[in-house]
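Chains as they are written, first to last, in the working numbering: chain U, 1 to 419; chain D, 420 to 838.
As structure tokens, the structure follows; a few thoughts come after it.
Protein chains: 2
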Amino acid sequence: MKAEIVSIGTELLLGEIVDTNASYIASRLPALGIDLYYMHQVGDNLDRLLEVYHRALERSDLILSTGGLGPTEDDLTREVVARALGEEMSIDPQLERELRQFFGQRALNMPENNLKQAMLIPSARSIPNPVGTAPGWWAEKDGNIIVAMPGPPRELHQMWENQVAPELRKRSDGGILVSRTFKITGISEGGVDEMCGDLKKSANPTVGVYAKPDGIHVRIAAKARDEQKAAALLDPVEARIRDTFANNLWGTDDETMQAHVGKLLTDRGLTLATMESCTGGLLASTITDVPGSSTYFRGGLVTYATDVKAAHGVDPQLIEKHGVISEEVAAAMALAARTELGADIGIGITGVAGPSEQEGKPVGTVFVTVDHKSKRHSHTGKYPGGRIDIKNRIVATTLFQVRRLLLELDGIETSNWRR
Amino acid sequence: MKAEIVSIGTELLLGEIVDTNASYIASRLPALGIDLYYMHQVGDNLDRLLEVYHRALERSDLILSTGGLGPTEDDLTREVVARALGEEMSIDPQLERELRQFFGQRALNMPENNLKQAMLIPSARSIPNPVGTAPGWWAEKDGNIIVAMPGPPRELHQMWENQVAPELRKRSDGGILVSRTFKITGISEGGVDEMCGDLKKSANPTVGVYAKPDGIHVRIAAKARDEQKAAALLDPVEARIRDTFANNLWGTDDETMQAHVGKLLTDRGLTLATMESCTGGLLASTITDVPGSSTYFRGGLVTYATDVKAAHGVDPQLIEKHGVISEEVAAAMALAARTELGADIGIGITGVAGPSEQEGKPVGTVFVTVDHKSKRHSHTGKYPGGRIDIKNRIVATTLFQVRRLLLELDGIETSNWRR
Chain U
1 MKAEIVSIGT ELLLGEIVDT NASYIASRLP ALGIDLYYMH QVGDNLDRLL EVYHRALERS
61 DLILSTGGLG PTEDDLTREV VARALGEEMS IDPQLERELR QFFGQRALNM PENNLKQAML
121 IPSARSIPNP VGTAPGWWAE KDGNIIVAMP GPPRELHQMW ENQVAPELRK RSDGGILVSR
181 TFKITGISEG GVDEMCGDLK KSANPTVGVY AKPDGIHVRI AAKARDEQKA AALLDPVEAR
241 IRDTFANNLW GTDDETMQAH VGKLLTDRGL TLATMESCTG GLLASTITDV PGSSTYFRGG
301 LVTYATDVKA AHGVDPQLIE KHGVISEEVA AAMALAARTE LGADIGIGIT GVAGPSEQEG
361 KPVGTVFVTV DHKSKRHSHT GKYPGGRIDI KNRIVATTLF QVRRLLLELD GIETSNWRR
Chain D
420 MKAEIVSIGT ELLLGEIVDT NASYIASRLP ALGIDLYYMH QVGDNLDRLL EVYHRALERS
480 DLILSTGGLG PTEDDLTREV VARALGEEMS IDPQLERELR QFFGQRALNM PENNLKQAML
540 IPSARSIPNP VGTAPGWWAE KDGNIIVAMP GPPRELHQMW ENQVAPELRK RSDGGILVSR
600 TFKITGISEG GVDEMCGDLK KSANPTVGVY AKPDGIHVRI AAKARDEQKA AALLDPVEAR
660 IRDTFANNLW GTDDETMQAH VGKLLTDRGL TLATMESCTG GLLASTITDV PGSSTYFRGG
720 LVTYATDVKA AHGVDPQLIE KHGVISEEVA AAMALAARTE LGADIGIGIT GVAGPSEQEG
780 KPVGTVFVTV DHKSKRHSHT GKYPGGRIDI KNRIVATTLF QVRRLLLELD GIETSNWRR
């Protein structure tokens, strides 16, 4: 099945919002066996929308649209679909009842404009929207399917997951694409590429190597009739990848490094505490983005002012001797975090987030220490980019160092890892 | 001038990346007096790209594309433009010299594939790319302009700002759109709308009201021949808006609440410290996203475990009596932050980020206190959404409460503000 996506709304063409709806839908089509050839953003303009719809009906089987289903004059999607299919709209009594009920339950008078949202055409049925007033449309005529969905992401996601995707799955003419992603750290992109060797020549599944903020990703994707046949193609390749990368492979698909480290800590019954300077609390915030982090995260200190470091266990003479931006101070911060906050593992971070250099050290310089009573890891880095980029890179590196220390505590050798 | 944007790359159609390039360009066209009617994303496929280019050449004056300028077989933009304009490509000797120089300076052998990047057609000149190997193309024929720019955002932004935008500004047939945004808190969206009154009927400048995560935005946009004439239209409306919203108006355009609060603190010579529980360090991290925040931010404590709160100045009996998730504990945390970290203003945050309720309080419940020796503000909230949404909303609310306290210290009345 060939599809096009049409995102509707003048705000897209003014660059006021980024069209995340289109990529949301696009990312979900391969698993349904649907090929996507075009995505468009068009403003709230009848003629231009009609032109795009007419063209899409000629060359594609399926049009997926978002936006333009509200109650105002600007909301033209229903009218465009009706005209593109050559049909007249009329009010559907059942939809009108539901709409009046929606407002009634909230003790609100329904503005008469909202009646637009109860319109239908003979070829369309409505798609329920439990989280908003705009029902979607599922229209089908002469072999084409048009699905009109609302623009607010929360409403779109709900409608897609519960109504649209299951229906499209039924119609899929076979042939789906299933992918798995494996996340690797401690080896360079070139190194990963080389280690994949002849796997990269495989046509089905295909094997690709990508550099990402949380490490190197190896993505394998199989085309098959169904999930089971895809799994049969993917399983042996996955086994080879797991074997090749062993402990350098830490996660799959949507797994984050902070969730992975959280799981390692939980499994080992270990706790964590932080003392941050240049990252300003971003490490603690990232760790606590993970549900359940309270079982292993004791707490953190953001010691932005130098005397706050001294007041919380970092020897002022050490700071005096080596400077705030030094490996020695990072180590003292990690130890202070561990002892002051009563954790098994302490992390210390000191560096220069910018925009100006500090103590003669250039912007992007960082010292990170991860400290456990029986083992300590120190890392020195120099990162490019702006203040917020630098903070994010330091946090990613630090989580990687925590994983490394945890593996070494298990007796796994990581000294030849790079980062 | 009528424009279309074409973003080129199969990864866009797989939903692997969101097309931020298109919205980057789109947001910059109104100020150049260019009308944008369509945006498209198309894969690395010659036929489909040609179809989009042919159609765009018929109905638009200007095609702005990003992507597809690399050295690989998948990179088809040059070939598509050549075919769409009916011309033959050949290697430009000057471009070839520059390309070989680029590699030579890095002591690298140039792969022969890269010669593609030295191609031109008679109607096109190259656009220099000082930060990458792919020069852009500026092609002009029969009244149409085609501008091909690279896909990596850093290369695109540089080329747009320094080469493409200035050239388009010269060609602009007059009539630019200049907008200003005013950011308001403490008044509901409906209230702001009502207070704008007859301003909303104005045709030039237009006045729009939008609800955003950092408050309500009033955006005014004027069409005029040049910047000076636009300013003459905007200035009196800006004066009325500033007069109407007085102290509820806190910022303009790209200003953030954390930068604004930082400026207020700097102007008053006051310092800040935080004690966070459910936000896990996100408040401290947001405050320290602002360059120069070290002058007013002393530091923060992330007291995730209850005994860590007790060890840092929160009375355990108070926690026992009222529960960790309580107004009393938020107030004690704010006071402890202020005294433990030696700041003029302390902030305490305790709440339930989820996914499970805590002490019988539902997910999204939060208590925030902002404490100064002569004044204290407490805020109780209940926010919807997932864990990360809730953390972000609490941080936005807290920064707003800090601003409010600072204004009250100046004798400005804010008791009738809502949030």
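Quick reminder that beta carbons are idealized off the backbone N, C-alpha and C, glycines included.
For clarity, every value in this text was computed on a predicted model and none was experimentally measured.
Can residue i and residue j be called in contact, C-beta distance under 8 Å?
i	j	result
residue 192 of chain U	residue 207 of chain U	no
residue 318 of chain U	residue 308 of chain U	no
residue 567 of chain D	residue 555 of chain D	yes
residue 707 of chain D	residue 744 of chain D	no
residue 303 of chain U	residue 718 of chain D	yes
residue 409 of chain U	residue 370 of chain U	no
residue 426 of chain D	residue 486 of chain D	yes
residue 574 of chain D	residue 548 of chain D	yes
residue 376 of chain U	residue 261 of chain U	no
residue 378 of chain U	residue 311 of chain U	no
residue 359 of chain U	residue 381 of chain U	no
residue 26 of chain U	residue 62 of chain U	no
residue 283 of chain U	residue 347 of chain U	yes
residue 543 of chain D	residue 558 of chain D	yes
residue 238 of chain U	residue 211 of chain U	no
residue 295 of chain U	residue 266 of chain U	yes
Taking DSSP as the reference, what is the three-state secondary structure of residue i?
i	result
residue 559 of chain D	strand
residue 418 of chain U	coil
residue 199 of chain U	helix
residue 24 of chain U	helix
residue 80 of chain U	helix
residue 715 of chain D	coil
residue 277 of chain U	coil
residue 225 of chain U	coil
residue 543 of chain D	strand
residue 420 of chain U	Because residue 420 of chain U is not part of the residues shown, which for chain U are 1 to 419, the question remains open.
residue 110 of chain U	coil
residue 235 of chain U	helix
residue 567 of chain D	strand
residue 35 of chain U	strand
residue 206 of chain U	strand
residue 603 of chain D	strand
residue 161 of chain U	helix
residue 131 of chain U	coil
residue 244 of chain U	helix
Can you have a look at residue i and say buried or exposed, based on whether 16 or more other CB atoms are within 10 angstroms of its CB?
i	result
residue 440 of chain D	buried
residue 107 of chain U	exposed
residue 30 of chain U	buried
residue 792 of chain D	exposed
residue 320 of chain U	exposed
residue 643 of chain D	buried
residue 65 of chain U	buried
residue 635 of chain D	buried
residue 248 of chain U	buried
residue 509 of chain D	exposed
residue 126 of chain U	buried
residue 161 of chain U	exposed
residue 246 of chain U	exposed
residue 764 of chain D	buried
Taking 7 Å as the cut-off, is the CB of residue i close to at least one heavy atom of the ligand ADP?
i	result
residue 649 of chain D	With respect to the ligand ADP, the structure shown offers nothing to examine, as it has no ligands at all.
Inset, instruction - Would you be able to state if there are at least three C-beta pairs under 8 Å between the segment 424-441 of chain D and the segment 399-417 of chain U? - result: no
Legend entry - Within the segment 351-416 of chain U, ranges of the alpha helix (DSSP H) (whole runs, at least 4 residues): 387-409
Inset, instruction - Taking 8 Å as the threshold, find out whether the segment 670-680 of chain D comes into contact with the segment 593-609 of chain D through three or more Cβ pairs. - result: yes
Inset, instruction - Count the C-beta pairs between the segment 332-345 of chain U and the segment 272-280 of chain U that are closer than 8 Å, then say yes if the count reaches three, no if not. - result: yes
Legend entry - Any 3 or more C-beta pairs closer than 8 Å across the segment 451-463 of chain D and the segment 380-398 of chain U: no
Legend entry - Given 8 Å, three or more beta-carbon pairs between the segment 645-652 of chain D and the segment 591-599 of chain D: yes
Inset, instruction - Determine contact between the segment 37-47 of chain U and the segment 70-86 of chain U, defined as no fewer than three beta-carbon pairs at a distance below 8 Å. - result: yes
Legend entry - Touch test, the segment 77-94 of chain U against the segment 51-62 of chain U, Cβ-Cβ under 8 Å, three pairs minimum: yes
Legend entry - Minimum length 3: unbroken beta strand (DSSP E) runs contained in the segment 713-748 of chain D: 716-721
Legend entry - Start-end ranges of the beta strand (DSSP E) lying completely within the segment 37-74 of chain U, minimum 3 residues: 62-66
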